[in-house]
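Mapped onto our numbering, the consecutive letters of the sequence shown carry residue numbers 361 to 630.
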Amino acid sequence: MLLQLYRLIPQSIRLLLYRLLLPIGEHLYGSGTYHVRDVQRLPFNLYLKRSRLLRVQYEAHALKMVAEYTTLNAPRVVDFIELPAKREGWLLTNCIEGDIAGKCLQTMNAEQLHQFSIDFRNYISHPNHILPLSAAHSRECQDCRIDNEDGSTGPYDNIADFNKHLMDMCGLIPNPADRAVIANVHSRSYRVFFTHADLNPANVLVHSGRLSGFVDWEFAGWYPEYWEFTKACYIVRIWTLWLEMMKGAFPEYPDELKAEQILRDHTCPF
361 MLLQLYRLIP QSIRLLLYRL LLPIGEHLYG SGTYHVRDVQ RLPFNLYLKR
411 SRLLRVQYEA HALKMVAEYT TLNAPRVVDF IELPAKREGW LLTNCIEGDI
461 AGKCLQTMNA EQLHQFSIDF RNYISHPNHI LPLSAAHSRE CQDCRIDNED
511 GSTGPYDNIA DFNKHLMDMC GLIPNPADRA VIANVHSRSY RVFFTHADLN
561 PANVLVHSGR LSGFVDWEFA GWYPEYWEFT KACYIVRIWT LWLEMMKGAF
611 PEYPDELKAE QILRDHTCPF
């Protein structure tokens, strides 16, 4: 009720308030958040994200669905302001407890690491955390792994079309064994799940040695069931500890990870 009343305040006044809070937040907490300059902590346990409009629109939509359909611990949307002239969006969310896994995992003992892997698996696979496909809206994918030059791709009618896009992005794969691995994975049937799609060590939070929540939902969407795992391994291939945690949480997708690694190795990242 209070939020609804707050949003009745003219957007120009709310925007002015956030502009006043930004330098205060920078003074109290430093500029940016873990070297991410477009996310700033503010007073009153708030975070403000200022980024490309389409990306922030997707994140606001994803967070609202997570709040409505799941019990996952994720930030809640306090306010969302679109600035079309600047092609920018401002997303205000609450703060959830925890520090990034990238800082915490290296200080945890073997028992805590094992529990983290169990927590991760339970959070992702719990029925209450899986959004029904009926909640989906036909919209493009926003994901640095598969974006086109316009910053989006899709939507796709089925997984076969999605796989075709992955192959179209890819250059020549000279090794027949590698091509066979991909063909095998792409011939399988998969369920489609709502996926965070960017669960890297900077977007997973830990508190008191336990998994506490997930942030940065701008890539979220409906993907093949293995995508959460393979994307969690996307940019952290040299961090063995994180990879082992993910493999422990998703032991059923070794072929899918191998296929994705081959595809990525032959896909231009730009």
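Think of the CB as a built atom: it goes at the ideal place given N, C-alpha and C, for glycine as much as any other residue. Note that the structure is predicted; figures quoted are calculated from it, not measured.
Given a threshold of 16 other Cβ atoms within 10 Å of its Cβ, counted over all protein chains shown, does residue i qualify as buried or as exposed?
i	result
V575	buried
Y366	exposed
K446	exposed
P614	exposed
S372	exposed
H546	buried
D503	buried
I622	buried
A592	buried
G581	buried
R415	buried
Can you pull the DSSP bridge partners for residue i?
i	result
W450	R410 and I441
R570	H567
C305	Residue 305 is absent from the model: the chain starts at 361 and stops at 630.
W582	F554
C501	T513
R401	Y407
Are residue i and residue j touching if we call contact CB-CB under 8 Å?
i	j	result
H567	G458	yes
L601	Q466	yes
L408	Y378	yes
R505	Y594	yes
F610	F579	no
Y583	T627	no
D439	L423	no
K607	V541	no
S411	G449	yes
I460	A562	yes
I484	S572	no
L375	L402	no
Q472	G569	yes
T513	D521	no
Y550	E500	no
N405	P435	no
Can you tell me whether residue i is helix, strand or coil according to DSSP?
i	result
L395	According to the sequence as given, residue 395 is His; it is not Leu. The answer is coil: DSSP assigns H395 none of H, G, I, E or B.
D459	strand
M468	coil
E588	helix
N482	helix
G390	coil
Y378	helix
D576	coil
A434	coil
I622	helix
A540	helix
Cβ contact (3+ pairs, closer than 8 Å) linking the stretch 431-440 and the stretch 386-394: no
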